[in-house]
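Sequence positions in the sequence shown follow the working numbering and run 62 to 161.
Here is the structure we will look at, set down as structure tokens.
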Amino acid sequence: MTTALNGGPMFTFSPAISFFVNCETQEEVDRLWEKLCAGGEKQRCGWLKNKYGVSWQIVPTVLGQMLQDKDAEKSKRVMNAMMQMDKIDIAGLKQAYERQ
Numbered sequence: 062m063t064t065a066l067n068g069g070p071m072f073t074f075s076p077a078i079s080f081f082v083n084c085e086t087q088e089e090v091d092r093l094w095e096k097l098c099a100g101g102e103k104q105r106c107g108w109l110k111n112k113y114g115v116s117w118q119i120v121p122t123v124l125g126q127m128l129q130d131k132d133a134e135k136s137k138r139v140m141n142a143m144m145q146m147d148k149i150d151i152a153g154l155k156q157a158y159e160r161q
């Protein structure tokens, strides 16, 4: 039986305990996403749960940069695009960011 941090069976994994991974490239996002999802569960916005029930956030570093842009409309478009994604797609984020 898997338990969170060896705390015993009453402490199981939940999204409150997660790992956050910044990725520089789409290839890195794809590789980690596919390996960690194997036997697990894909979720929205870069989240996934691996086969052991551990939650992960696989996020390209460019997402944070886009969301912090001084142009609120650009940030809003990027956020709306991300909310429709499971695995985050950098090209899709850039398309939303650059759209006029």
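Glycine residues also receive a C-beta, built at the ideal position from the N, C-alpha and C atoms.
Boundaries of the alpha helix (DSSP H) in which residue i is found, first to last residue
i          : result
serine 136 : 133–144
Residue from the options with nearest C-alpha to residue i
i             : options                   : result
serine 79     : Leu124, Trp117 and Arg160 : Trp117
proline 76    : Ala142, Glu102 and Lys96  : Glu102
aspartate 147 : Val90, Lys96 and Gln104   : Gln104
Limits of the beta strand (DSSP E) - the one that residue i falls within
i             : result
glutamine 206 : Residue 206 is absent from the model: the chain starts at 62 and stops at 161.
cysteine 84   : 79–84
lysine 110    : 108–110
DSSP beta-bridge partners of residue i
i              : result
lysine 96      : BP columns for lysine 96 are empty, so no partner.
isoleucine 119 : Val82
alanine 103    : Note that residue 103 is lysine in the sequence shown, not alanine. DSSP output for lysine 103 lists Leu109 as bridge partner(s).
Where residue i falls: helix, strand or coil (DSSP)
i                : result
lysine 155       : helix
aspartate 147    : coil
methionine 62    : Because methionine 62 carries a pLDDT of 42, less than 50, the predicted location of this residue cannot be relied on, and the following value inherits that uncertainty. If DSSP states are grouped into helix, strand and coil, methionine 62 belongs with coil.
phenylalanine 74 : coil
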